[in-house]
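The structure appears below as structure tokens.
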Amino acid sequence: MMIIYDQNEDRGGRILPEERRLKMYEYIRKKGVATTKELSKLFGISESTVRRDLNELELRGLIKRTFRGAVFQHLTGETTFMDNMKLMRREKEAIAEKALEHIYDGDFIILGGGTTVYSLVLKLLQSDISNLTVITNSLNVGMKILQSGKRYDLIFVGGKARYGTFECVGDDTIDMLDRYNVGKAFIGVNGISHEFGVSMSNREESAIARAMIRRSMEVFVLADHTKFNVVKAYRVCGKDEVDLIITDDGLDTSILEEFRKRGWRIEIVHRSYPDVDHNTGYHVHNRSEIHS
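Listed below in structure tokens is the structure:
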């Protein structure tokens, strides 16, 4: 078995910094996400040393820093649907559970693409909600609903299919969206900045998100805490076009307060842990609070 660290590093077990960083990168790549505390224990080094290593890995474009640690950064800069499904799973489930509380029998909704919205679909299909009309451009969302046996009225807006994210984009998709007036839209995004607004990594997907927002009376943005204070290349909207952002309690309090000062409405959900989460050492119960 390969030993990637030695807790007795001060007695001669220290590995070279570059070797340690490479092993740290491999660990994050395989796991998808890791906390500073977790890496400190795993490699037998201080949290400040972990942060320096993560800074170096981020400079190389290998990982993305978060408030509590790091997530794997796909080398192309745009992760695939399957890559993203591995990341922040507990956070996405908690966000989806809260988002479900905003959907009622008889609603006419838009569901965008992305893994957090997909998590909402899984929760929706397990619920008692039966009378629903759903518009989506996501092949994953559409197929999951069709295979579920739920008799929702499903409207699929087609167009050019994107590999990796399994979403339809382009003028045809936008033209179809523009035919409808919808009650609520649930969308996932890549970045949220109080200065630059909501943004995405892909130009075509950002255009679809803008169309969904334009056709909806209420807009819900579903985003885990790693999306905050992140600016991507393509702007989707500003705070005045978003009715509510639902995120998890990994969001730093100072960041939350700064957004609140500027008028953003954010609902925080507390992640559910089966007992003690070994990645963080925290024992957290299910509860939620709204910050408006």
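Numbering (my numbering), first residue to last: 878 to 1169. Don't be surprised by glycine CBs; every beta carbon is placed ideally from N, CA and C.
query: How big is the Cα-Cα spacing for Q1003 and R1139?; result: 36 Å
query: Going by DSSP, which residues form a beta bridge with M1077?; result: Y1111
query: Measuring alpha carbon to alpha carbon, tell me which residue in M1053, G1068, P894 is nearest T1013.; result: M1053
query: How far does the beta strand (DSSP E) with K1138 in it reach, from first residue to last?; result: No beta strand (DSSP E) contains K1138, which is instead part of the alpha helix (DSSP H) from 1130-1138.
query: Mind checking whether S1083 and V1113 have CB atoms under 7 Å apart?; result: yes
query: Can you name the residues that DSSP bridges to F907?; result: Just to set this straight, residue 907 is Lys in the shown sequence, not Phe. K907 is not bridged to any residue.
query: Can you tell me which of the three DSSP states F949 falls into?; result: strand
query: Would you tell me roughly how many angstroms separate the C-alpha atoms of T953 and L999, rounded to the nearest one?; result: In this prediction, T953 scores a pLDDT of 40, lower than 50, which makes its location untrustworthy; the coordinate-derived value is nonetheless stated afterwards. Each residue's alpha carbon lies about 28 Å from the other.
query: Strictly by DSSP, which residues pair up with A1062?; result: I987, V1096
query: Starting from the C-beta of Y1057, find all residues in its chain whose C-beta is less than 7 Å away, skip the five residues before and the five after it, and write them out in chain order.; result: I1012, R1092
query: Check whether the Cβ atoms of M1077 and G989 sit closer than 7 Å, and answer yes or no.; result: no
query: Residue range of the alpha helix (DSSP H) that E970 falls in?; result: 966-977
query: Taking the DSSP output, what are the residues bridged to V1011?; result: I986, L1031
query: In whole angstroms, what is the alpha-carbon distance linking T1010 and Y1029?; result: 6 Å
query: So, for Y905: in the same chain, excluding its five sequence neighbours on each side, which residues have a beta-carbon less than 6 Å away from its beta-carbon?; result: The sequence shown places Ile at residue 905, rather than the Tyr named in the question. Correct list, in chain order: A911, I940, A947, F949.
query: Grab me the residues of R967's own chain with a C-beta within less than 6 Å of its C-beta, minus the 5 sequence neighbours each way, in chain order.; result: R1148
query: Given 8 Å as the limit, is there contact between the region 965-979 and the region 1028-1042, that is, 3 or more CB pairs closer than that?; result: no
query: Could you say which of I980, M1020, S1015 lies nearest to L1001 if we only look at CA atoms?; result: I980
query: Using the Cβ count rule (16 or more neighbours within 10 Å means buried), how would you classify D1048?; result: exposed
query: Taking the continuous beta strand (DSSP E) assigned at D1125, which residues delimit it?; result: 1121-1125
query: Note down the Cα distance separating G1035 from T1050, rounded to an integer number of angstroms.; result: 5 Å
query: Run through DSSP, which three-state label would R929 get?; result: helix
query: Please report how far the alpha carbon of D930 lies from the alpha carbon of E895, in whole angstroms.; result: 9 Å
query: Put L893 into one of helix, strand or coil per three-state DSSP.; result: coil
query: Return the first residue and the last residue of the beta strand (DSSP E) that S1070 is part of.; result: 1068-1070
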